[in-house]
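Residues in the sequence shown are numbered from 0 upward in steps of one, following numbering that gives the first Met the number 0.
Beta carbons: idealized from backbone N, C-alpha and C, even for Gly.
Structure record follows, encoded as structure tokens.
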Amino acid sequence: MPEGFAAPGNRSLMPIIQTRALRKTFRSVVRGEGLAGAVGALFSRHYEEKVAVENVNISIDEGEVVGYIGPNGAGKSTTIKMLTGILVPTSGTIEVAGIVPHEKRRQNARNIGVVFGQRSQLYWDLPLRESFELLRAIYRVPRAQYRENLDHFVEILDLDRFMSTPVRQLSLGERMRGDFAAALLHNPKIVYLDEPTIGLDVVAKEAIRAFIADINKRLGTTVILTTHDLADVERLCRRIILIDEGTVIYDGKLERLRDEYGTHRTLIVHLKDPQPDFDLPGVEIEHAEPPTVNLKFDRRTTTAEALIRRVTERYAITDVAIVEPEIEDIVRRIYLEGYQKPPARASEL
Ligand SMILES: Nc1ncnc2c1ncn2[C@@H]1O[C@H](COP(=O)(O)OP(=O)(O)OP(=O)(O)O)[C@@H](O)[C@H]1O
Ligand SMILES: [Mg+2]
């Protein structure tokens, strides 16, 4: 088709991040026991292959905020490192904003911002202000844009008080805020955040979350976030990708996971009088602290209303509340048991 006939805005329909059959294995030398084993390993050629990422196919559109979650060692950081171009895939393909990251690292670096919560990319001995100045030079950020961004970051991340402090003297929360500003000075299209709230107190976590939400909303920045704090995900991500042992086991809406997988609800009943022998045949008592009992029920087989009716037939009550399953509990179950085909909905039974 002649160029002029391409549909306008066609490019934006292309995913900004796409991986196909992405795989990464690490090779490590197998050593025997003790000193002899250590010396032997210097000469032997016994390698062990460790598959860190296996057949990962992901496709992310511009402006999405995606939670990339999974247990320790699942392959999250390895995936992020391949997306940033730090690691070269063993096989499979990656395209990020039209570029193969590890082949064009410099060009790719202009499109992306990276924050690794466990490791700072600021200059340890320099005051924050000079770290930023250096990054401006490295990324060739135009002065006006630099000043505008820095002013904004200083204000919303409250950086003013420690702009002149050497990075090594900053607290973790202060340093992390500095790292965020540093990663975004050049207006990247995509930011990769690998455990950005690790070790932060609740106030600092909220400041970081608000910052991420703001850049996504204001600039349409695409965000890939790995975290073990599911409150980060609930606050920021509509979509999650769950990875376990290197393989994607779920990719979809967070709500869908809760809806389809979280089949158990809890009904909290406040009884008029304490009932130490509270009993309802066939109903599981999750917790009892008279006069309150927590009843666990499966919403595929019963409704809250039916359960309340059964309770009130036997006991006088003053209040009830229904607790939805925590996303934390759902994800813990998936980590432990694996993701199975979602159970059918009550309406389908
Ligand atoms: N450079 C390396 N050499 C050898 N093995 C590695 C290397 N980097 C990672 N691995 C292994 O690959 C697997 C995936 O590691 P990765 O760091 O991607 O996990 P993760 O999902 O980020 O975990 P965490 O939540 O603990 O950060 C692990 O088994 C890890 O030991
Ligand atoms: Mg990691």
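Residue of the options minimising C-alpha distance to residue i
{"i": "VAL95", "options": "GLY74, ILE16, ASN56", "result": "ILE16"}
{"i": "ARG19", "options": "GLU327, THR89, PRO290, PHE161", "result": "THR89"}
{"i": "ILE211", "options": "TYR122, VAL247, VAL222, GLU32", "result": "VAL222"}
{"i": "ALA181", "options": "LEU158, ASP200, LEU199, ALA203", "result": "LEU158"}
{"i": "ARG332", "options": "TYR260, PRO273, PHE296", "result": "TYR260"}
{"i": "LYS80", "options": "PRO187, HIS185, PHE115, VAL319", "result": "PHE115"}
{"i": "THR220", "options": "ILE111, TYR46, ILE239", "result": "ILE111"}
{"i": "ARG313", "options": "HIS286, LEU256, GLN274", "result": "GLN274"}
{"i": "ASN71", "options": "THR196, HIS227, ILE284", "result": "HIS227"}
{"i": "ASN54", "options": "ASP124, SER170, THR24", "result": "THR24"}
{"i": "ALA108", "options": "VAL319, VAL140, GLY91", "result": "VAL140"}
{"i": "ILE57", "options": "GLY251, VAL202, TYR338, ILE214", "result": "GLY251"}
{"i": "ILE329", "options": "LEU270, ALA315, TYR249, ILE307", "result": "TYR249"}
{"i": "ALA230", "options": "ILE284, HIS185, GLU205", "result": "GLU205"}
{"i": "LEU121", "options": "LEU82, GLU173, ASP318, THR83", "result": "GLU173"}
{"i": "PRO349", "options": "VAL268, ILE284, LEU279, ALA73", "result": "One cannot answer for residue 349 here, as it falls past the ends of the chain, which runs 0 to 348."}
{"i": "ALA45", "options": "VAL29, VAL52, GLY33", "result": "It is His, not Ala, that sits at residue 45 in the sequence shown. Of VAL29, VAL52, GLY33, the residue nearest in Cα terms is VAL29."}
{"i": "ARG105", "options": "VAL153, GLY69, GLU48, PRO187", "result": "PRO187"}
{"i": "TYR138", "options": "HIS185, ARG146, GLU283", "result": "HIS185"}
{"i": "PHE179", "options": "ARG146, GLU323, ILE214", "result": "ILE214"}
{"i": "ARG160", "options": "ARG146, ILE321, LEU183, PRO126", "result": "PRO126"}
{"i": "THR311", "options": "SER163, LEU270, GLU63, GLN117", "result": "LEU270"}
{"i": "ARG298", "options": "PRO280, ILE321, VAL292, ILE316", "result": "ILE321"}
{"i": "GLY349", "options": "VAL50, LEU183, GLY33, ALA35", "result": "With the chain covering only 0 through 348, there is no way to say anything about residue 349."}
{"i": "VAL64", "options": "ILE197, GLY74, ARG176, ILE239", "result": "ILE239"}
{"i": "SER76", "options": "VAL99, GLY62, VAL52, ILE93", "result": "VAL52"}
{"i": "THR262", "options": "ASN293, ALA35, GLU323", "result": "GLU323"}
{"i": "THR317", "options": "MET162, CYS236, ASP272", "result": "ASP272"}
{"i": "ASP243", "options": "GLN339, GLN117, LYS103", "result": "GLN339"}
Near ligand 2: residue i beta-carbon under 7 Å from a heavy atom
{"i": "ASP193", "result": "yes"}
Pairwise C-alpha distance: residue j and residue i
{"i": "THR300", "j": "ARG264", "result": "11 Å"}
{"i": "ARG22", "j": "GLU288", "result": "51 Å"}
{"i": "GLN144", "j": "ARG234", "result": "29 Å"}
{"i": "VAL38", "j": "SER27", "result": "15 Å"}
{"i": "ARG142", "j": "LEU192", "result": "26 Å"}
{"i": "ALA136", "j": "GLU129", "result": "11 Å"}
{"i": "LEU156", "j": "ILE207", "result": "8 Å"}
{"i": "GLY66", "j": "GLU194", "result": "11 Å"}
{"i": "ARG217", "j": "GLY97", "result": "23 Å"}
{"i": "THR225", "j": "VAL232", "result": "9 Å"}
{"i": "ILE59", "j": "THR78", "result": "14 Å"}
{"i": "ALA376", "j": "ASP276", "result": "Absent from the model: residue 376. The displayed extent of the chain is 0 to 348, so no value can be given."}
{"i": "GLU325", "j": "LEU241", "result": "16 Å"}
{"i": "SER119", "j": "PRO14", "result": "29 Å"}
{"i": "ARG309", "j": "ASP258", "result": "25 Å"}
{"i": "LEU166", "j": "GLU132", "result": "Note on identity: in this sequence residue 166 is Val, with Leu being the wrong assignment. Roughly 14 Å separates the two Cα atoms."}
{"i": "LEU171", "j": "LEU199", "result": "7 Å"}
{"i": "TRP123", "j": "GLY337", "result": "42 Å"}
{"i": "VAL319", "j": "LEU266", "result": "7 Å"}
{"i": "VAL247", "j": "LEU169", "result": "37 Å"}
{"i": "ALA305", "j": "ILE68", "result": "36 Å"}
{"i": "PHE296", "j": "GLU285", "result": "9 Å"}
{"i": "ILE189", "j": "GLY91", "result": "21 Å"}
{"i": "LEU335", "j": "ILE85", "result": "31 Å"}
{"i": "HIS151", "j": "LEU82", "result": "28 Å"}
{"i": "LEU256", "j": "PRO100", "result": "31 Å"}
{"i": "ARG176", "j": "GLY74", "result": "26 Å"}
{"i": "GLY62", "j": "ARG237", "result": "12 Å"}
{"i": "ILE307", "j": "GLU48", "result": "56 Å"}
{"i": "ALA203", "j": "GLU147", "result": "23 Å"}
{"i": "SER163", "j": "VAL153", "result": "12 Å"}
Contact with chain D by residue i, beta-carbon distance below 8 Å
{"i": "ARG309", "result": "Judged by its chain identifiers, the structure shown contains no chain D, having just a single protein chain."}
Around ligand 1, Cβ to any heavy atom closer than 6 Å, ordered along the chain: PHE25, SER27, LYS49, ALA51, GLY69, ASN71, GLY72, ALA73, GLY74, LYS75, SER76, THR77
Give, in chain order, every unbroken run of the alpha helix (DSSP H) that is at least 4 residues long and sits entirely within the region 228 to 256. 229 to 235
Only counting runs of 4 or more residues, tell me where the alpha helix (DSSP H) segments fall wholly within the region 116 to 169, in order along the chain. Here the runs fully enclosed are 127 to 138, 142 to 156.
Which ranges does the alpha helix (DSSP H) cover as unbroken runs of at least 4 residues, wholly within the region 272 to 318, from first to last along the chain? 303 to 313
Which complete alpha helix (DSSP H) runs does the region 34 to 108 hold, if anything under 4 residues is left out? The qualifying runs are 75 to 83.
Which runs of the beta strand (DSSP E) fall wholly inside the region 173 to 233 and span at least 3 residues, in chain order? 189 to 193, 221 to 225
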